[in-house]
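Here is the structure we will look at.
Protein chains: 2
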Amino acid sequence: MANVRARTEVRRKPERARYEREVIEAILDEAAFCHVGFVDDGQPFVIPMIHARVSDTLYLHGSPGGRLVRLLASGAPICVTATILDGLVLARSAPLHSMNYRSVVVLGRPRVVDEQEKLRALEAVVDHVLPGRRAEVRAPSERELKQTDVVALQIDEASAKIRSGPPKDSPDDVDMPVWAGVVPLRTTAGEPIPADDLRDGIAVPSYVAAYRRGPAAPAHP
Amino acid sequence: MANVRARTEVRRKPERARYEREVIEAILDEAAFCHVGFVDDGQPFVIPMIHARVSDTLYLHGSPGGRLVRLLASGAPICVTATILDGLVLARSAPLHSMNYRSVVVLGRPRVVDEQEKLRALEAVVDHVLPGRRAEVRAPSERELKQTDVVALQIDEASAKIRSGPPKDSPDDVDMPVWAGVVPLRTTAGEPIPADDLRDGIAVPSYVAAYRRGPAAPAHP
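Residue numbers (numbering that gives the first Met the number 0), protein chains in the order written: chain A, 0 to 220; chain B, 0 to 220.
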């Protein structure tokens, strides 16, 4: 596949590697946010950022004047990593404990987008965070658009890594009188907290009440 | 404070910055895993890893022979970032949407640990992931210890960034007929899934049944 390159090839535990585009896109879409790595004066930095995917482009946004966006906009190489934690894997022996997870690594050099693409990118960010929200809220003004920088990264050099399923105990340990298995984990929403200055009579929208991060059907309700 | 340095000073939204050691340690301890950034041939890479903190040392572990551990062990500069997502912040306007989160960035050059420190580090990793587990499981054998590399990073150059509370809408938008507020998010555990080969009669341990990631009392049950 075009997006399999030496730099994103999974070398440790290659049985966990996935290179299919639909697998990579599904993880990027489900992850609420990502971690962006960049280099400044030889020192790597890793910063949490909100991303959004539109087709084969990943958008990242920030405030102009920030070191991060300035560096991203300079076209320097970056790494975007999105990780979803799916569970704790409890084996009978300490060293075989693990976690179930899905992660994606995307490498590349971002480009700055023009005003029209910037608006589409910011719309995609709101859709990514909370589908249904964008139709209700005020769109960015021209001034607000100018106050936001957006960079785009082509999803070309990318790979996914997935660990799922039960612990893989050594045969010698299976008879130990110790519970073994998986504790599934997911991100869940609590009761929405209305703003203090919320106008009377505005109910929690259905897209908020029904919010859940994840693919269609939960493995555990 | 000793750990406030130019490179970890929060420049964007400095009102979110925290430099107190107890704040930094609490975030590192609550985060189930972290993202580690390193540079290979000019390209930054960001990889999810499980960490554990012991006093002012952060431990990271991996398999020998992997590029990651080899690079970490070379003493090259790395960045460890741990992020906890606490909620979606829904404002009346698209650009003022945000997320509540707590994150920590630690910079430094890791060192390889000796066998004795390695064992203590791996014990700390199990304690970090699931308190109560370590007493029940088989400890690593000498061979298994040799098959695991551990690096240590001094928590010296570090900062935290925290966003909490309600949306900060523009006064002009407050009267819009749109719900605004916070959707709290947390990581929750589903029903434990026993391994297929689990011996009969082994109940789910209390530390598994009661597992929750987070500080003492949940804001939303």
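In this text, a Cβ means the ideal position worked out from N, Cα and C, and glycines have one as well.
Listed along the chain, the chain B residues whose CB falls inside 7 Å of the CB of A/MET175 are ARG137.
Cβ proximity to chain A below 8 Å picks out HIS96, MET98, TYR100, SER102, VAL104 and LEU106 from the segment 95-116 of chain B. Taking 9 Å as the cut-off, the beta carbon of B/VAL38 is found closer than this to the beta carbon of A/PRO43. The beta carbons of A/THR186 and B/THR186 sit about 6 Å from each other, so the pair counts as a contact at 8 Å. Within the DSSP secondary-structure output, A/SER158 pairs in a beta bridge with A/VAL104.
Ranking A/ARG52, A/MET175, A/VAL79 and A/SER92 by CA distance to the CA of A/GLU116 puts A/ARG52 first. In this structure, B/VAL181 places its C-beta atom within 9 Å of the C-beta atom of B/VAL88. By the Cβ-count criterion, A/ALA157 is buried, with 16 or more other Cβ atoms from all chains shown falling within 10 Å of its own Cβ.
In the three-state scheme derived from DSSP, where H, G and I count as helix and E and B as strand, B/VAL45 is classed as strand.
Counting other Cβ atoms within 10 Å of its Cβ, A/SER92 reaches 16 or more and is therefore classed as buried. Contact with chain B is found for A/VAL207, since one of that chain's Cβ atoms lies less than 9 Å from the residue's Cβ. A direct Cα-to-Cα measurement between B/VAL125 and A/SER163 gives close to 19 Å.
DSSP places A/GLN115 inside the alpha helix (DSSP H), whose first and last residues are 114-128. With respect to the C-alpha of B/GLU14, the residue from B/VAL150, B/TYR210 and B/LYS160 having the closest C-alpha is B/LYS160.
Counting along the chain, the unbroken alpha helix (DSSP H) around B/ILE26 starts and ends at 20-29.
In terms of Cβ geometry, B/TYR206 and B/VAL149 do not form a close pair [threshold 9 Å]. Only PHE32, HIS34, GLY36, PHE37, VAL38, GLY41, GLN42, PRO43 and PHE44 from the segment 32-44 of chain B bring a Cβ to less than 7 Å from some Cβ of chain A. Using a CB distance cut-off of 9 Å, B/THR56 does not count as an interface residue toward chain A.
If you draw a straight line from the Cα of A/GLY36 to the Cα of A/GLU143, it is about 26 Å long. In the DSSP assignment, the residues bridged to B/ARG110 are B/ALA151. The criterion of a C-beta distance shorter than 9 Å is satisfied by A/HIS34 and B/THR80. At a cut-off of 4 residues, not a single continuous stretch assigned as alpha helix (DSSP H) sits fully inside the segment 160-202 of chain B. Not a single CB atom of chain B sits nearer than 9 Å to the CB of A/LEU59. Along the segment 162-191 of chain A, going in chain order, the ones with a CB nearer than 7 Å to a CB of chain B are PRO165, PRO166, ASP172, VAL173, ASP174, MET175, PRO176, VAL177, TRP178, ALA179, GLY180, VAL181, VAL182, PRO183, LEU184, ARG185, THR186, THR187, ALA188, GLY189, GLU190 and PRO191. The Cβ atoms of A/LEU27 and A/ILE46 lie no closer than 9 Å to each other. The beta-carbon of B/ALA194 is placed less than 9 Å from the nearest beta-carbon of chain A. For A/VAL68, no beta strand (DSSP E) segment is defined; the enclosing uninterrupted segment is the alpha helix (DSSP H) at 66-72. Not a single C-beta of chain B is nearer than 9 Å to the C-beta of A/GLY74. Chain B has no Cβ within less than 9 Å of the Cβ of A/VAL150. Within 7 Å of the CB of A/ARG15, no CB atom of chain B is found; the nearest one sits about 12 Å away. Contacts with chain B at 9 Å (Cβ-Cβ) do not include A/ARG119. Cβ contact annotation for B/ALA123 (same chain, cutoff 8 Å, sequence separation greater than five): ALA51, ARG52, VAL53 and TYR58, in chain order. With a contact defined as Cβ atoms closer than 8 Å, B/PRO109 and B/GLY74 qualify at about 7 Å.
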